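Residue numbers (our numbering): 2 to 185.
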């Protein structure tokens, strides 16, 4: 039987909303990144996907900053009682690493665009400042870093989801209900 959590042991509606919105955007951004790079040449579709990918990245960065500010000013619910100290430490480390990746990945993508000599125009309306000039060597390095950080995020998200499912279906400790509004 799943533990019923009182409201004070759950994340706030703001924290849940930011979590799920950012998660959805990350999935969409990863998917676009995956398919846009396989489109040969510079077709209108490929250019559109690159723009959407960049817009998603900028949005994730802004929402991650808001989420981090929220998290720093609002205490997270306690971990379930009886959770092993090593599990708690792993969960905390994973969350810190997730926040770092949510901030660093968009920055590397933004810098990659700058090094490629391509200005990011958010939503096709707001031109963002170019932080570095075109640089072929830096472009190659930033592309590789951006890709590997994304695969690192993918792996960490998979572990995060599997851990949440383990807590819900095996441990039945109510941990997943802290972040899903309709679970009690």
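Idealized CB from N, CA, C, for every residue including glycine. Every value quoted in this text rests on a predicted model; they were computed, and no experiment measured them.
inquiry  = Under 8 Å, with one C-beta from each stretch per pair, do the stretch 72-79 and the stretch 119-128 reach the 3-pair mark?
reply    = no
key: Simplified DSSP state of residue 128, which is helix, strand or coil   = strand
request  = Count the other CB atoms, across all protein chains shown, that sit within 10 Å of the CB of residue 7; report buried if there are 16 or more and exposed otherwise.
outcome  = Because residue 7 carries a pLDDT of 49, less than 50, the predicted location of this residue cannot be relied on, and the following value inherits that uncertainty. Its Cβ having fewer than 16 others within 10 Å, residue 7 is exposed.
query = Exposed or buried, which one is residue 32 when buried takes at least 16 other CB atoms within 10 Å?
reply = exposed
query = residue 114: buried (16+ other C-beta within 10 angstroms of its C-beta) or exposed?
reply = buried
message = By the three-class DSSP mapping on this structure, what secondary structure does residue 123 have?
response = strand
task = Identify every run of the alpha helix (DSSP H) within the stretch 21-105, keeping only runs that are complete inside it and at least 4 residues long; order them along the chain.
result = 45-74
request  = Return the Cβ separation of residue 58 and residue 151 in integer angstroms, given the expectation that the two are a contact with Cβ distance under 8 Å.
outcome  = That pair is no contact at about 10 Å.
query = Can you tell which of 126, 84, 68 and 53 has the C-alpha that lies nearest to the C-alpha of residue 24?
reply = 68
ask   = Around the Cβ of residue 167, are there at least 16 other Cβ atoms within 10 angstroms (buried) or fewer (exposed)?
value = exposed
key: Between the CA atoms of residue 48 and residue 111 - distance to the nearest angstrom   = 16 Å
task = Report yes if the CB atom of residue 163 is closer than 8 Å to the CB atom of residue 169, and no otherwise.
result = no
task = Put residue 164 into one of helix, strand or coil per three-state DSSP.
result = helix
message = Please state whether the Cβ-Cβ distance between residue 102 and residue 38 is less than 8 Å.
response = no
key: Three-state secondary structure (DSSP) of residue 113   = helix
query = Residues in its own chain within less than 6 Å of residue 136 by CB, not counting five upstream and five downstream?
reply = 116
query = Taking all protein chains shown into account, do 16 or more other C-beta atoms lie within 10 angstroms of the C-beta of residue 187, making it buried, or fewer, making it exposed?
reply = Coverage of the chain is limited to positions 2 through 185, which leaves residue 187 absent and any answer about it impossible.
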